[in-house]
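Residue numbers (the working numbering): 2 to 172.
Reviewing the structure listed below.
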Amino acid sequence: MVARRAVAPALATLAALAGLTGCGGGAGGSASPAAAAKTRDLHILTRVLQRENRIIAAAAAAGAVLQGGDARLGSAALAAAETHTANLTRAIHTLGGTPHQPRPDYSGQVAGRRGRVQLLAVVAVLGARAARADRRAAPRVSDEDLRGLTQAVAVSDRAHAARLRRAAVAR
């Protein structure tokens, strides 16, 4: 009997900390899961934005060197990533977050990579990695519209990465 009395307050405290206690199904019980989902969505979108910033940096740095059709492919990847970052930034603001600003200098992303194949490859690899990570993250996003945004970014990045990869091995 004494052991139960000692354990009951501890269990009540743990339940309260975990958000398991509610007051008759009112807003108090549902606010914690909603807040947790919003925080998770915000974290996921912030990570997606960071990956897009890396793609932008690499594509912009490579674009200074690439020419002709290669430059057009790099520019298309850059334009898509810029559109993605604009949409992600807007979504993060809507969730009440502050998006991380990209570093001003990403020249290290392509340092030492002067050949067209290497430049196309670095942008393709970053895009492919981002697409895989975003595809895995999308199902964890609770908001349907934001999940769709994450999936669209993944599909777009995968398509651009595939085009860049094909161009790198074509010649």
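All C-beta atoms in this analysis are idealised placements derived from N, C-alpha and C, irrespective of residue type, glycine included.
Just so we're clear, the structure is a prediction, and the values are computed from it rather than from any experiment.
### Message
Please return the same chain residues whose Cβ sits closer than 7 Å to the Cβ of L127, not counting the five positions on each side in sequence.
### Response
R55, I56, A59
### Task
Kindly indicate if chain B contains any beta-carbon less than 8 Å away from that of R164.
Protein chains in the displayed structure number just one, and chain B is not present.
### Query
If we call anything under 8 Å between Cβ atoms a contact, is A92 one with G75?
no
### Message
Residues in the same chain with beta-carbon distance under 8 Å from A11, minus the five sequence neighbours each way, listed in chain order, please.
### Response
Caution applies to A11, whose pLDDT of 37 falls short of 50 and renders its modelled position unreliable; the value that the coordinates give is listed next. Here the set comprises nothing.
### Closest residue to R48 among V123, Q102, H161, L121 (Cα-Cα distance)
Q102
### Neighbourhood of L79 by C-beta, 7 Å cutoff - its chain only, sequence neighbours within 5 removed
I57, A60, A61, G64
### Message
If you measure between the beta carbons of L96 and E53, is that distance less than 8 Å?
### Response
no
### Task
Return the chain-ordered list of same chain residues with a C-beta closer than 6 Å to the C-beta of A169, the five sequence neighbours on each side being excluded.
V118, L121, A122
### Task
Measuring alpha carbon to alpha carbon, tell me which of S143, E83, A131 ends up nearest A36.
S143
### Query
Is it true that the CB of A155 sits closer than 8 Å to the CB of R141?
no
### Query
At what residues does the alpha helix (DSSP H) containing Q152 begin and finish?
145 to 171
### Task
Could you check if D146 is buried or exposed, using at least 16 other CB atoms within 10 Å of its CB as the buried criterion?
exposed
### Query
In whole angstroms, what is the alpha-carbon distance linking A139 and L43?
12 Å
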